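Q: Just so you know, UniProt numbering puts the end of the sequence shown at 155, numbered straight through with nothing missing. We put the CB at the ideal spot given by N, CA and C, even for glycine. Values in this document were obtained by computation on a predicted structure and should not be read as measured data. Before I ask anything, let me first share the structure, which is written out below as structure tokens.
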Amino acid sequence: RMGYDYMSSLSLGRAVTYMNAQSKGESLGVMNKVDYTGLPSDADNFKIVGLLGRAVPSLVKKPGVVRGLRHNGLEVVPKNVTRYLEKAFSDNLLAVRHAMQLVAGKFSAGHLSESLGGNAYNLYKRFRPEVPDGHAGWGASGEFDCGTLLSAGGL
């Protein structure tokens with residue numbers, strides 16, 4: 001929806017999950033604060049991508065192809081994200097991806113834009129798996145439900 005290829009989307013999405021986990025870990029006192037100031041922000045191919053309420057540092061590989069960066073400057077490798085998703089969703093991965101494509105196709109890119117109050121993140125909060133708050137939820141896995149996703153998308 002934002003004009004990036006699938007592998008770029010995987011990389012950027014995983015970069016957001018790293019940022020969210022880092023924030024939660026910091027708030028619980030189980031992780032030290034990280035500093036993004038050492039990233040190559042003056043490099044010609046450095047770009048900040050607004051995604052799910054986050055300013056995601058990234059590197060532009062070529063037009064439409066980017067890689068999200070972790071706080072240490074390492075690129076988020078799409079193949080690693082693919083392996084993670086295959087393990088997490090197993091035989092359900094294709095069904096989950098299809099459901100996400102159906103929901104994403106229901107909304108214009110403008111509707112999901114960060115400039116419109118972060119509608120993409122608000123949508124995500126309606127279908128993300130539930131885990132307990134606080135320390136009890138740290139590292140906990142929730143159960144993803146395609147039906148909840150489709151319902152959140154009005155399908």
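Can you find the residues in the same chain that come closer than 6 Å, C-beta to C-beta, to residue 153, ignoring five residues on each side of it along the sequence?
A: 103, 106
Q: Please report whether the beta-carbon of residue 11 lies at a distance below 8 Å from any beta-carbon of chain D.
A: Looking at the structure shown, chain D is missing, and only one protein chain is on hand.
Q: What are the uninterrupted segments assigned as beta strand (DSSP E) that are 3 or more residues long and contained completely in the stretch 60–114, given in chain order?
A: 65–68
Q: With DSSP run on the structure shown, which of helix, strand or coil describes residue 116?
A: For residue 116, the pLDDT reaches just 47, beneath the cut-off of 50, and the residue's location in the model is therefore unreliable, although a value from the coordinates is still provided. Looking at residue 116 - three-state DSSP - the assignment turns out to be helix.
Q: Take the Cβ of residue 132 as the centre, count every other Cβ of all protein chains shown within 10 Å, and call the residue buried at 16 or more, exposed below.
A: exposed
Q: Taking the straight line between their C-alpha atoms, what separation do you get for residue 52 and residue 9?
A: 12 Å
Q: Which residues mark the beginning and the end of the beta strand (DSSP E) in which residue 49 is found?
A: 46–51
Q: Look at the alpha carbon of residue 135 and the alpha carbon of residue 30, and state the distance between them as a whole number of angstroms.
A: 9 Å
Q: In this structure, how does DSSP classify residue 161 when only helix, strand and coil are distinguished?
A: Summary: the structure shown does not reach residue 161, with the chain confined to residues 1 through 155, and so no result is reported for it.
Q: Exposed or buried, residue 94, counting other C-beta atoms within 10 Å across all chains shown (16 or more means buried)?
A: exposed
Q: Under three-state DSSP, which class holds residue 128?
A: coil
Q: Hey, quick one: how far does the alpha helix (DSSP H) through residue 140 stretch, first residue to last?
A: Per DSSP, residue 140 belongs to no alpha helix (DSSP H) and is neither H nor E.
Q: Are the stretch 76–87 and the stretch 137–144 touching, with three or more C-beta to C-beta distances below 8 Å?
A: no
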